[in-house]
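Novice: Protein chains in written order, with our numbering: chain A, 1 to 304; chain B, 1 to 508; chain C, 1 to 279.
For glycine and all other residues, C-beta sits at the position ideal for the given N, C-alpha and C.
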Amino acid sequence: MQLIPILIGITVINFGIMYLSPSDPAERQLVLRGIMVSPETLEAMRADMGLDRPFWVQYGRWSLNLLKGDLGVSFASGRPVMLEIWECLPYTVSLALAAVIMTMVVSIPLGLLAAVRQNGVWDYLIRVATFVGGTMPGFLVGLLLIYVFALRLRWQPVISDGSLRSMILPTITLALAMTCKYIRQIRAAILEELDKEYVWGARARGVKERYVIYRNVLKNSMLTIVTLLGLSVGYLLGGTAIVEIIFTWPGMGKRVMEAINMRDYPVVQGYVIWMAIIFVSVNLLTDLSYRLLNPRIRLSDEVA
Amino acid sequence: MISVRSRWLPSLIAALSLAAMAIFPAGLEADPVKELKYGSTFEYASLDPADDFSGWFSMGIGLVESLVKLDDQMRPTPWLAESFENVDPTTWKVTVRENVTFHNGQPMTAQSVKDSLERVISLNDRAKGGLLIESITVDGRVLTIKTTQPHPTFPNVLCDPFSSIIFAGDLSPLKVYGTGVFKVDKFTPKGNANMVRFDEYWGGRAKLDKFDYVYVADSGTLTMALQSGEIDASGDIPGPSRDLFKNADYIIDSVPSSRVMFLFYNLKSPLLADDAVRRAINLSLDKATFCQVILNGSCVPATGLFPDYLPYSGSRLKAEGYDLEAAKAALEAAGYKAGSDGVRAKDGKRLSITISTYTSRVELPLLAEAVQARLQEAGFEVKLDIMESVEDRLQAGNFDAIIYSYVTTPLGDPQSILENLMRTGGAYNFGKYSDPGSDELIDKLKVEFDQNQRYELAVSVQQKALDKNAFGFIGHLNRTQITKKNVVKLSNHPSDMYGPDMDTDITQ
Amino acid sequence: MARDKVRTRFLVFSALSVAIFAGALLGPFIVPNDPLKADFQMVNQPPSARFPFGTDKLGRCLFSRVVCGARVTIFSSLALVGVIFVFGTAVGVASSYAGGRFDTVCMRVTDIVLAFPDMVLAIAVAGFLGGGLTNAIITLACVSWTKYARLARSQVLALRDQAFIEAARLAGNTGPQIIFRHIMPNAMGPLIVTAALDIGVMMIGVAGLSFLGLGVRPPTPEWGAMLNEGRTYFQQYPGTIFFPGVAIFISIMVFNLFGDSLRDLLAPRQPGETAKEMP
């Protein structure tokens, strides 16, 4: 239920930024309709669009439309913003999902490996590699990947057309920094877990090491991973913009950059709203699964 | 209980990857069909020639054709018309070709040509002002067209992509029936267009099976896509990158074009209203270096609107060349004194201007930075606004200067651009340049049938604009098309209008 | 791990950080050429004695641009971290100490800001207000201060009920005295570590916005913007992205190592704690 004030806050901030922006939507509308811009026509258009009303009245109207699923019309194309977003959103979401999957698939075994072989060669290599990988800004990684794998080796297309094959490089770019971070966190979490009494106890009872790790340690480390995931969604959604630009991936981030360059504010607004909605709902999901995974929280909640 | 939970995550992941695969089918396999992929940095929202400049797109992808076509010497020659003739100053007779079929199977008749022309006049102001049609009467295959005033360049205007003939009944921006060699298979607004051969094409059977227009916003990516072979041809490879294709695998074809890169000065903006400021900018335009060095020889310096191969070209105009010292002196004389940071100011107001340009013409942002560098040496402060599109700014008139580029004689004649750009209230006269003497000359040009007189008028109109420093001309861009060496007969016309035709082919 | 080793590591990375900082500070005075001076006779030159890294497409000295770019990228990141650190901590401490409705409102506000993925909001603000370095910094500041507020609040709450604070209160100290003399010194550790680790994050943020064309305007040298400029022609002139790329990579790495070593120094081993960082 905390969600409602948050969602209201999001819309207020979003509308407020738009309200403060130096561009005049009435002028844009005139240009769009091919009407000469003059003080009189501008005034008439402002009145027509309700832009002469106080902030709260305008906000009220805008958010009512939002509730109806109406995000307005794109300045650039004249099509409903909702429609434009629906075209791009699946691409961004699938890119983000692919990055999450890739991160999990790579970081859990490597984190485990590094932890189990603490201070060994593997641990050392993984630590160095994750540090370097975590330091590389995404745009640098993207340029390198496209140069090596698309242009020199030709394993991958230069132009991402939204196909599964052309998704590989963008996914790696998006997932790299996150994967490195996860490996380090998972390693730390597992080390901490391995140090716990029940592990020592199990070992002392002669339970196989492998069994201990798979049955218990990994399971308990899931908490860390879920927490990380919730926090990462924001990074992922923001990170897609740069990745989509570099790889011409036809998603929301690329679309919003075009919109920004064209001062197409309704599309930018729609983008922010959607990203915030996704972010908030994923965090809600994380919270729920956190409770599911951690009986202690559930218990203390119920008591309280 | 816990073990149940630990199993759901992998199955969720598997389900999601399956879902992702369902949404995005894997890339196309190698196909035996002859398919030519043409890459471009231009995006179009519509296929309808009546929409804005979309006609350039629909014609360039082989979807539509016009009654008249420009030949290699830019002379109007019949295309969908069988013939055309001038009966009297305000009357033209056009005979339409037989056995032409629209992509929806309907035959093209004189009546459908009439409908198409009347439709575009009612929807597009440029078409209305260009064609100047008063009435069209149909008699068999002959159209008798009355113009509102003597119209010497009527056949040229019939070449303009907006005059393309389409089936005027059932259509939308995404669904257009033309008569061209290719019909639309799939079109994504602001994205790619996939075309397939139109088997009932009046000219015969095209050699290509498919033609794809591939939109790539970023010119660096476009360059790499041509290198990797994902596209077969492009006319939008940036000048400095062309060296990458100077090898046996590619053909670089460069033709001089009438595309001119120039600065719009907003004569209503406080600083640019000052003639001294505009003169100083013009004196600071180091055109030779911009063209030779910065753009790697991909353009030639421009004095006026038209390149040297035309009889009304810049070589007949008088203008001051690049002279930084003279620019500084002009500013000094106008009261702009150098400040401590190198930026000049007059009465406490800094000589600070914003120059905007757009990215789809790949050479423009680079050119803008070079212009900025020279202007700063002269004592300007220049803010650059590199945008996806500057149309809104132009229309709204809220700019100082905008670097833009036009093809000035797409129709083989100077009238249209002079009328639109330099006449008071002209459709592209975004800087609000207005000169009564010049307007009078343009009006004369509009009704003058004598070619030599037309050339003289065109020169005089430009000279007047140069004398007032109303525009800043920089260079004429060569039209350079780079194709893989197996691409045969892909048009590289100076007008920039035409795309693949029947004979365009791709060999194995 | 031996404490000595931790201390040595910390000293080494502090020294390196200071060196980068000094380079950025002194850069404009030591570079061989004016980073903004375009010499059209010398475009796209390979490295030479006069131009150690060669020149760019407008004939500007790449070395001078990379060195002067440090100033923009690093100083703006440091300024950013400074601002969000002070503001966020102040909000966090004030709200936790004041409690009640003020605390609720503050935490709601942080919730709302946290509801925007940071880069998304940064892109939106830059998009609405227009590009430019100042707007980029304002933008990043707007979205980044909340984690300090949260952290400071939780630190204060954890300390508030401890015995030594109670003792100080009984000794007759006023509220502000308790905050500044007793709570703050003990709460600072994790905040400072977070700030140190944030320098690299902010550098990526500033450079990322510039890379998208929402940061500095040309011709100002900035690493992200230089990478974006060099991108189109990097095959022929790899130096235009190689040098700024290496510069940004090394700086981020040094600041991150500095942050890590600082954490090790202040809090020897808290594996659980690290899990709460933003990835």
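Which residue or residues does DSSP assign as beta-bridge partners of B/Arg-374?
Specialist: Working through the second sequence from its first residue, we reach residue 374 of chain B at position 374. Looking at the DSSP assignment, B/Arg-374 forms no beta bridge with any residue, so it has no partner.
Novice: Going by DSSP, what residue range makes up the alpha helix (DSSP H) through B/Arg-509?
Specialist: Residue 509 of chain B lies beyond the residue range present for chain B, which begins at 1 and ends at 508; the question has no answer from this structure.
Novice: Put B/Asp-212 into one of helix, strand or coil per three-state DSSP.
Specialist: Within the second sequence, numbered from 1, the residue matching residue 212 of chain B stands at position 212. Strand.
Novice: Determine the burial state of A/Ile-4: buried for a count of at least 16 other Cβ atoms within 10 Å of its Cβ, exposed for fewer.
Specialist: Here residue 4 of chain A is taken as the residue at index 4 of the first sequence, counted from 1. Exposed, because fewer than 16 other Cβ atoms sit within 10 Å of the Cβ of A/Ile-4.
Novice: I need the DSSP call for B/Glu-79, collapsed to helix, strand or coil.
Specialist: Start at 1 with the first residue of the second sequence, and residue 79 of chain B comes out as number 79. Checking the sequence shown, residue 79 of chain B turns out to be Trp, not Glu. The answer is coil: DSSP assigns B/Trp-79 none of H, G, I, E or B.
Novice: Among the residues of its own chain, which have a CB less than 7 angstroms from the CB of B/Phe-187, if the five just before and after it don't count?
Specialist: The count along the second sequence starts at 1 and reaches residue 187 of chain B at position 187. So the list reads Leu-47, Leu-174, Ala-193, once near-sequence residues are dropped.
Novice: So, B/Glu-456 versus B/Ile-442, is the Cβ gap smaller than 8 angstroms?
Specialist: As a position in the second sequence, residue 456 of chain B is number 456, starting the count at 1. As a position in the second sequence, residue 442 of chain B is number 442, starting the count at 1. The answer is no: Cβ separation not under 8 angstroms.
Novice: Should A/Ile-225 go down as buried or exposed, given a rule of 16 or more other Cβ atoms within 10 Å for buried?
Specialist: Here the question's residue 225 of chain A lines up with position 225 in the first sequence. Flag for A/Ile-225 reads buried.
Novice: Measure the alpha-carbon distance for C/Ala-141 versus C/Gly-189 and round it to whole angstroms.
Specialist: Position 141 of the third sequence, counted from the first residue, corresponds to residue 141 of chain C. Position 189 of the third sequence, counted from the first residue, corresponds to residue 189 of chain C. In this structure, the alpha-carbon of C/Ala-141 lies about 21 angstroms from that of C/Gly-189.
Novice: Determine the direct distance from the alpha carbon of A/Leu-223 to that of C/Leu-257, and round the result to whole angstroms.
Specialist: Looking up residue 257 of chain C in the third sequence gives position 257. Looking up residue 223 of chain A in the first sequence gives position 223. If I take the Cα positions, the gap works out to 27 angstroms.
Novice: Report back the beta-carbon spacing between B/Arg-141 and B/Ala-110 to the nearest angstrom; my notes put them in contact at under 8 angstroms.
Specialist: Reading the second sequence from its first residue, position 141 is the one you call residue 141 of chain B. Reading the second sequence from its first residue, position 110 is the one you call residue 110 of chain B. Indeed they touch by this definition, with Cβ atoms about 5 angstroms apart.
Novice: Taking the alpha helix (DSSP H) that C/Leu-209 falls in, what are its first and last residues?
Specialist: Sequence index remark: in the third sequence, residue 209 of chain C carries index 209 (1-based). Start and end: 184–211.
Novice: Residues in its own chain within less than 8 angstroms of B/Val-300 by CB, not counting five upstream and five downstream?
Specialist: Looking up residue 300 of chain B in the second sequence gives position 300. Pro-256, Cys-291, Pro-307, Asp-308, Gly-475, His-476, Asn-478, listed in sequence order.
Novice: For A/Ala-99 versus A/Leu-236, is the C-beta distance shorter than 8 angstroms?
Specialist: The sequence position of residue 99 of chain A within the first sequence is 99, counting from 1. The sequence position of residue 236 of chain A within the first sequence is 236, counting from 1. Between A/Ala-99 and A/Leu-236, the gap from beta carbon to beta carbon is short of 8 angstroms.
Novice: Whose C-beta lies closer than 6 angstroms to the C-beta of A/Gly-111 among residues of the same chain, with five residues either side of it excluded?
Specialist: Counting from one through the first sequence, the residue named residue 111 of chain A turns up at place 111. Taken in chain order, the residues that qualify are Ile-183, Ile-186, Arg-187.
Novice: With 8 angstroms set as the bound, which would you pick, yes or no: does the beta-carbon of B/Asp-501 sit closer than that to a beta-carbon of chain A?
Specialist: Residue 501 of chain B sits at position 501 when you count from the first residue of the second sequence. Not an interface residue.
Novice: Should the segment 51–60 of chain B be called in touch with the segment 156–164 of chain B, which here means at least 3 C-beta pairs below 8 angstroms?
Specialist: yes
Novice: Whose C-alpha, out of B/Glu-98, B/Pro-89, B/Tyr-215, B/Ile-165, is nearest the C-alpha of B/Ala-45?
Specialist: As a working mapping, residue 45 of chain B is identified with position 45 in the second sequence. B/Ala-45 has its Cα closest to that of B/Tyr-215, out of B/Glu-98, B/Pro-89, B/Tyr-215, B/Ile-165.
Novice: Can you find a C-beta in chain A that's less than 8 angstroms from the C-beta of C/Met-42?
Specialist: In the third sequence, residue 42 of chain C corresponds to position 42, counting from 1. No, C/Met-42 lies away from the interface with chain A (no Cβ there is under 8 angstroms from its Cβ).
Novice: Output yes if chain A places a C-beta closer than 8 angstroms to the C-beta of B/Ser-228; else output no.
Specialist: Against the second sequence, residue 228 of chain B aligns to sequence position 228. Yes, contact with chain A.
Novice: In chain B, which residues lie with their C-beta within 9 angstroms of the C-beta of C/Gln-236?
Specialist: Locating residue 236 of chain C in the third sequence gives position 236, counting from the first residue. The contacting residues are Pro-240, Ser-241, Asp-243, Leu-244.
Novice: Between which residues of its own chain and B/Gly-60 is the CB-CB distance below 6 angstroms, once the five residues before and five after are set aside?
Specialist: For this step, residue 60 of chain B is matched to residue 60 along the second sequence. For B/Gly-60, where only same-chain residues beyond five positions count, the Cβ hits under 6 angstroms are Gly-499.
Novice: What is the DSSP secondary structure of C/Lys-57, counted as helix, strand or coil?
Specialist: To locate residue 57 of chain C, count along the third sequence from 1; it is residue 57. Of the three classes helix, strand and coil, the one that applies to C/Lys-57 here is coil, per DSSP.
Novice: Residues of chain B with CB closer than 9 angstroms to the CB of A/Ser-77, please, in chain order.
Specialist: Here residue 77 of chain A refers to the residue found at position 77 of the first sequence. The answer, in chain order, is Ala-45, Pro-189, Lys-190.
Novice: Taking the C-alpha atoms as reference points, what is the distance between B/Ile-121 and B/Phe-167?
Specialist: Numbered from its first residue, the second sequence carries residue 121 of chain B at position 121. Numbered from its first residue, the second sequence carries residue 167 of chain B at position 167. Approximately 15 angstroms between the Cα atoms of the pair.
Novice: Contact check, A/Ile-143 vs A/Ile-242 under 8 angstroms by CB: the rounded distance?
Specialist: Translated into positions along the first sequence, residue 143 of chain A becomes position 143. Translated into positions along the first sequence, residue 242 of chain A becomes position 242. Reading off the sequence shown, one finds Leu at residue 143 of chain A, where the question assumed Ile. In fact, because the Cβ distance is near 11 angstroms, the residues do not count as touching under 8 angstroms.
Novice: Which residues in chain C have a C-beta closer than 9 angstroms to the C-beta of B/Glu-369? List them in chain order.
Specialist: Start at 1 with the first residue of the second sequence, and residue 369 of chain B comes out as number 369. Chain C residues near B/Glu-369: Ala-38, Lys-57, Leu-58, Pro-218, Pro-219, Glu-229.
Novice: I'd like to know if A/Thr-171 contacts chain B, where contact means its C-beta is closer than 8 angstroms to some C-beta of that chain.
Specialist: In the first sequence, residue 171 of chain A corresponds to position 171, counting from 1. No, A/Thr-171 lies away from the interface with chain B (no Cβ there is under 8 angstroms from its Cβ).
Novice: Closest to B/Leu-98 by C-alpha separation, out of B/Val-196, B/Glu-200, B/Ser-135, B/Phe-264, would be which residue?
Specialist: Residue mapping note: residue 98 of chain B aligns to position 98 of the second sequence, counting from 1. Note that residue 98 of chain B corresponds to Glu in the displayed sequence, not to Leu. Residue B/Glu-200 is the option with its Cα nearest to B/Glu-98.
Novice: C/Val-31 touches chain A at which residues, Cβ-Cβ below 7 angstroms?
Specialist: If you number the third sequence from 1, residue 31 of chain C lands on position 31. Here the premise fails: no neighbours, minimum Cβ distance about 23 angstroms.
Novice: For the beta strand (DSSP E) that B/Cys-299 lies in, which residues bound it at each end?
Specialist: Here residue 299 of chain B refers to the residue found at position 299 of the second sequence. Looking at the DSSP string, the run of the beta strand (DSSP E) that includes B/Cys-299 is 299–301.
Novice: For the beta strand (DSSP E) containing C/Arg-263, list its first residue and its last residue.
Specialist: On the third sequence, position 263 is the one that residue 263 of chain C refers to. For C/Arg-263, there is no enclosing beta strand (DSSP E); the enclosing alpha helix (DSSP H) has its first and last residue at 239–266.
Novice: Less than 8 angstroms between CB atoms is the rule here; does C/Asp-198 satisfy it with respect to chain A?
Specialist: As a first step, residue 198 of chain C is located in the third sequence; it is residue number 198 there, counting from the start. Not a single C-beta of chain A is nearer than 8 angstroms to the C-beta of C/Asp-198.
Novice: Using a Cβ-Cβ cut-off of 6 angstroms (strictly less than) and excluding sequence neighbours within five positions of A/Cys-180, which residues of its own chain qualify?
Specialist: The residue labelled residue 180 of chain A in the question sits at position 180 within the first sequence. Annotation for A/Cys-180: Thr-130, Gly-133, Gly-134 place their beta carbon closer than 6 angstroms to its own, counting only its chain and skipping 5 residues before and after.
Novice: Do B/Asn-124 and B/Ala-50 count as a contact pair if the criterion is CB distance below 8 angstroms?
Specialist: To locate residue 50 of chain B, count along the second sequence from 1; it is residue 50. To locate residue 124 of chain B, count along the second sequence from 1; it is residue 124. Taking 8 angstroms as the Cβ cut-off, B/Ala-50 and B/Asn-124 qualify as a contacting pair.
Novice: Report buried or exposed for B/Asn-266, applying the criterion of at least 16 other Cβ atoms within 10 angstroms of its Cβ.
Specialist: Looking up residue 266 of chain B in the second sequence gives position 266. Its Cβ being crowded by 16 or more others within 10 Å, B/Asn-266 is buried.
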